[in-house]
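Under the numbering used here, the first residue of the sequence shown is numbered 44, with each subsequent residue one higher. Right, one structure below, let's go through it.
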Amino acid sequence: MEAKVAGSASMSLGDEIVRRINALAAISETSEHLTRIFLTPEHRAAADLLMTWMREAGMQAHLDAIGNVCGRYEGERPGLPCLMLGSHYDTVRDAGRWDGPLGLITAISCVGDLNRRGRRLPFAIEVTGFADEEGVRFASTLLGSRAIAGTFDESALGSRDRAGTTMRQALTLFGLDPDHIGAAARAPGELLAYVELHIEQGPVLEAEKLPVGVVTAISGATRLAVELRGMAGHAGTVPMALRRDALAGAAECIVAIEEFCCTDRDGLVGTVGYINAMPGATNVIPGMVSFTIDIRTAKDSYRKLAVADIVRQIEEIVKRRNLKLDINVTHENRTVPCAPWLKQQVADAVAAEGFHVFELPSGAGHDGMAMIDIADVAMLFVRCRGGVSHHPDEHVEDADADAGARVLLRLIENFKPKA
Ligand SMILES: [Zn+2]
């Protein structure tokens, strides 16, 4: 009986979610491309629309000190700790419409469904639209969730965007007080858990022919900057045996990284995404090359071993080729495991909706990476077409948006705080 009620109510949920995804996608810097950057006028307009939907869903809604959209649906009595749901409402440049908004809008629509049925739960539900996850404007990510987790670095207020505007100025223009970011921080006791629904942004669920997947962890990442120095020289006069070609050395390093990661132990992935060769002329042997390495896997200990192994291989190549090496870690974040007790409830909701329970790690970063500091975290992935994301072709089928909503609604209604 209960399944029937949830099922019939959610048939319209999927339609409502897709309509709202499209309405939110129309709020953009330009009409041809979807771009909605932190603390811009379109960012503010999107926040207002989200708060309107939250209020229609029976929530109280406000903007917090960093620009997060915060909605609250009281439980059986006012003031109870909350199950927090959410995702981000900023975008990359020329973005897709689903990355971020799907999780946020689905959460609002699920609360709206509870509200229409007059359903109150033994806990409050809060839906948070994080103001900045992508980090496009000020080159530091997770600003919204860090403010909520109380880990916002106030020195970031002085950072400038490309136009020279500081974050402090941008917050003021948006109507917020940069001296009170701390007010956005929540106490751990106010949150029972944080659950985020998000598009997968990869091709695994599509390959598995499944609409949803249960996330095991948000993979940690290590980024390195590598510089190889050899000797520039005339492409016609220096014999091959006497060359110290930095680009040929880099090529060997790149292939070695790929081969190492292709062993696919623990989902290890490695990418060289940027390379620059100097002096960069057709008839000059490259004397200096810089490139980046991005290494990810959901096991921190294995990632560290892999990075050490890759560095050792690069050192060997460089030595054999008589090059000079400068290699530095530029970024490192730890793996954020989804809490087993909470992940189990997500899996139970997936199974109860009749889907095969399939677990996968998240190779992409999410707000949960910051939220872990104040709450246990879990995530539900929804299949996206071709695994394409951060691109206008990003797409989720209506039926999959509906499947995600049904699972999330069931999770909410059956949610039990950690014993
Ligand atoms: Zn996202």
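Where is the CB? At the ideal position from N, CA and C, for every residue including glycine.
What's the gap between the Cα of residue i and the Cα of residue j?
i      : j      : result
GLN388 : ILE168 : 16 Å
PHE303 : LEU348 : 12 Å
ALA421 : ASP107 : 23 Å
ARG98  : VAL379 : 32 Å
GLY139 : ARG272 : 40 Å
ASP222 : ARG115 : 25 Å
ILE198 : VAL112 : It should be noted that the sequence gives Ser, not Ile, for residue 198. Approximately 23 Å between the Cα atoms of the pair.
ILE357 : CYS296 : 6 Å
GLY245 : ASP352 : 27 Å
ALA192 : ALA291 : 46 Å
GLU119 : VAL61  : 30 Å
ILE455 : ASP391 : 12 Å
PHE166 : PHE458 : 9 Å
GLN496 : GLY330 : With the chain represented from 44 up to 462, any question about residue 496 goes unanswered, as that position is not in the structure.
ALA190 : ASP337 : 27 Å
VAL350 : THR265 : 8 Å
THR280 : LEU366 : 20 Å
ARG346 : HIS433 : 25 Å
THR121 : GLN103 : The identity of residue 121 in the sequence shown is Pro, whereas the question assumes Thr. Rounded to whole angstroms, PRO121 to GLN103 spans 12 Å at the Cα level.
GLU45  : SER333 : Reliability fails at GLU45, whose pLDDT of 41 lies under 50, so the model's placement of it is uncertain and no value is given.
PHE424 : VAL255 : 5 Å
Under the rule that 16 or more other beta-carbon atoms within 10 Å means buried, what is residue i, buried or exposed?
i      : result
PRO231 : exposed
TYR317 : exposed
ASN65  : exposed
MET283 : exposed
LEU216 : exposed
GLU243 : buried
ASP91  : exposed
ALA206 : exposed
PHE445 : The question names Phe, but residue 445 in the sequence shown is Asp. When all chains shown are included, ASP445 counts as buried.
VAL135 : buried
HIS86  : buried
SER71  : buried
THR73  : exposed
By Cβ distance, which residues of its chain are closer than 6 Å to residue i, with the 5 residues on each side in sequence left out?
i      : result
SER188 : PHE173, ASP410, ALA413 and MET414
GLY161 : none
VAL238 : LEU128 and ALA421
HIS374 : ARG266
LEU203 : The residue asked about is misnamed: residue 203 is Arg in this sequence, not Leu. For ARG203, where only same-chain residues beyond five positions count, the Cβ hits under 6 Å are THR209.
Between residue i and residue j, which are expected to be in contact by the criterion C-beta below 8 Å, what is the C-beta distance as a whole number of angstroms?
i      : j      : result
ALA236 : ALA418 : 6 Å
GLY447 : LEU240 : 5 Å
GLY263 : ASN376 : 6 Å
GLU402 : VAL257 : 5 Å
Tell me which same chain residues have a C-beta within less than 7 Å of the C-beta of residue i, skipping the five on either side of it?
i      : result
GLY406 : GLY245, SER262, VAL312 and ARG339
CYS427 : TRP141, ILE242, GLU243, GLN244, GLU437, HIS438 and VAL439
HIS399 : LEU253
ALA227 : ASP107, ALA108, ILE109, ASN111, ALA190 and ILE191
Using a Cβ-Cβ cutoff of less than 8 Å, which residues in the same chain neighbour residue i once the five nearest sequence positions on both sides are dropped?
i      : result
LYS461 : LEU235, ALA236, ALA382, TRP384, LEU385 and ASP419
ARG79  : ILE70, SER71, GLU72, GLU85, HIS86, ALA89, TYR132, ASP133, THR134 and ALA138
LEU145 : ILE60, ILE64, SER130, LEU240, HIS241, ILE242, VAL425, VAL439, ALA444 and GLY447
Subject >> Every unbroken alpha helix (DSSP H) within the region 154–225, with a cutoff of 4 residues, ordered by chain >> reply: The region 154–225 contains these whole alpha helix (DSSP H) runs: 186–192 and 210–217.
**OP:** Starting from the N-terminal end, write out each residue whose C-beta falls within a distance shorter than 5 Å of any non-hydrogen atom of ligand 2.
**Re:** Looking for ligand 2 in the displayed structure turns up nothing; the ligands present are ligand 1.
Subject >> alpha helix (DSSP H) runs wholly inside the region 363–444, at least 4 long, in chain order >> reply: 383–395 and 411–414
Original post:
What alpha helix (DSSP H) runs, 4 residues minimum, are completely inside the region 236–312?
Top reply: 247–251 and 289–304
Original post:
Where in the region 57–116 do unbroken runs of the beta strand (DSSP E), each at least 3 residues long, occur, reported from the N-terminal end onward?
Top reply: 103–106 and 112–116
Subject >> Within the region 124–151, ranges of the beta strand (DSSP E) (whole runs, at least 3 residues) >> reply: If we require 3 residues or more, the beta strand (DSSP E) runs fully inside the region 124–151 come out as 125–131.
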